[in-house]
Amino acid sequence: MRNDFEIWDAHCHVYPEKIAARAVAGTDAFYSTVAAGLGTIPDLIAAGTTCGVDKFVIQSVATTPKQVASINRFIAEAVAADPEKLIGLGTIHPLAEDIAADVRELKALGLHGIKIHPDIQSYRIDDPLFFPAYALCEELDLPILMHTGDSRYDYSNPNRLIPVLQKFPRLRVIGAHFGGWSIWEEAAEKLAGMPNLWVDCSSTVPFMKGENQKIRVEKLIRKYGVDRVLFGTDYPMWSHEQELDFFFTLDLTDEERRAILSENAKKVYG
63 MRNDFEIWDA
73 HCHVYPEKIA
83 ARAVAGTDAF
93 YSTVAAGLGT
103 IPDLIAAGTT
113 CGVDKFVIQS
123 VATTPKQVAS
133 INRFIAEAVA
143 ADPEKLIGLG
153 TIHPLAEDIA
163 ADVRELKALG
173 LHGIKIHPDI
183 QSYRIDDPLF
193 FPAYALCEEL
203 DLPILMHTGD
213 SRYDYSNPNR
223 LIPVLQKFPR
233 LRVIGAHFGG
243 WSIWEEAAEK
253 LAGMPNLWVD
263 CSSTVPFMKG
273 ENQKIRVEKL
283 IRKYGVDRVL
293 FGTDYPMWSH
303 EQELDFFFTL
313 DLTDEERRAI
323 LSENAKKVYG
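Position 253 of the sequence shown, counted from 1, bears residue number 315 in the numbering used here, the numbering being contiguous throughout.
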């Protein structure tokens, strides 16, 4: 069935090969997981292509300002080497000397948007330090993929996303993990219907407790709207095989599957 659909993985973390093992181990420690992948671009493409994935949206997060330039160059060079398979998102850091200049630079590098992770970066989504970047992304029509939600932290609470969406109404935001990792339904009640918000479905099912994951995910898709959901795996955390196997159990029409698997991502990042 997968061969009948174009598939975009809209949420992939990748790292230079010399630091990938260390970076993946750090993520495993943060989320108490065991990664399915190596976190390198060759591994991502090999694993995803085997499962029928056609395109990968890749990114990495700067934990300090000095990492921003090197990460953005790494992502841009990877995309330049394989533009048929990869779409790149840049990174910013709220303590950068000139965050707006960093946005302009990543745009000049040909990157298609930005990823921020408030919990890893230890800054709130609605911290004014991010506002110059949000304003410029709105002006340049650069979408921002945001890690959203974590019951352990307040940095990425969905409540903090609402004022950002309202203050920057033309800023296109993708709320990762159905807009609120570990607090999925709570986030959907607050965020669904926001006109400049999309969500991805990554890192959801493996963390849900109980036996009703299928029903819960279907309800989340209906709550946000099929045209607002992007497929993503959160590679290297989870395998494409695992995530796609689950996705194709959902009660969706072929048209709805096509929208989530690729068409919505094309509209956001195309």
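Ideal Cβ positions, reconstructed from N, Cα and C, are used throughout, including at glycine.
Keep in mind it's a predicted model, so treat the numbers as computed, not measured.
- Per DSSP, reduced to three states, the secondary structure at V330 is helical.
- When K177, Y196, L202, I224 are compared, the shortest CA-CA separation from H209 is found for K177.
- Where W246 is concerned, the enclosing alpha helix (DSSP H) starts and stops at 246 to 253.
- With contacts defined as CB atoms closer than 8 Å, W70 and K147 fail to qualify as a contacting pair.
- Note: C74 is bridge-paired with I120, Y297 in the DSSP secondary-structure output.
- With fewer than 16 other CB atoms across the displayed protein chains lying within 10 angstroms of its CB, R232 is exposed.
- Between A138 and L100 a beta carbon distance of about 21 Å is seen, past the 8 Å cut, so the two are scored as non-contacting.
- By the Cβ test, the stretch 260 to 274 is in contact with the stretch 237 to 249, since at least three Cβ pairs between them sit closer than 8 Å.
- For the pair L282 and W246, the CB atoms are nearer than the 8 Å cut-off.
- A check of alpha carbon separations from E280 across M299, E201, F310 identifies F310 as the nearest.
- Between the stretch 127 to 134 and the stretch 190 to 210 there are fewer than three inter-stretch CB-CB distances shorter than 8 Å, so the stretches are not counted as touching.
- Per DSSP, V86 is one residue of the alpha helix (DSSP H) stretching across 82 to 93.
- Within the DSSP bridge table, the entry for V261 names G237, V291 as partners.
- Taking each of K128, A140, Q121, A142 in turn and checking the Cα distance to G152, the smallest one comes out for Q121.
- If only uninterrupted beta strand (DSSP E) runs of at least 3 residues are considered, those enclosed by the stretch 95 to 175 are 117 to 121, 148 to 150.
- For I206, the enclosing beta strand (DSSP E) starts and ends at 206 to 208.
- Sequence-distant Cβ neighbours of Y215 in its own chain, meaning closer than 7 Å and more than five residues away, are D181.
- Taken through DSSP and simplified to helix, strand or coil, I224 comes out as helix.
- Straight-line measurement puts the Cα of A82 at about 26 Å from the Cα of I187.
- DSSP lists M208 as the beta-bridge partner residues of I178.
- Distance from the Cα of G255 is smallest, within the candidate group K271, E305, D289, E273, for D289.
- DSSP places R284 inside the alpha helix (DSSP H), whose first and last residues are 275 to 286.
- In this structure, DSSP gives Y185 a state outside helix and strand, which the three-state scheme calls coil.
- The count of Cβ pairs closer than 8 Å, one atom from the stretch 291 to 307 and one from the stretch 87 to 100, reaches three, so the stretches are in contact.
- Sequence-distant Cβ neighbours of R64 in its own chain, meaning closer than 8 Å and more than five residues away, are C113, G114, L306, F310.
- I103 sits close to A140, with the two beta carbons spaced by under 8 Å.
- Inter-residue distance for H75 and I107 is about 12 Å (C-alpha atoms, whole angstroms).
- Take Y297, set aside five residues on each side of it, and the residues of its chain with a beta-carbon closer than 6 Å to its own are C74, G99, L106, in chain order.
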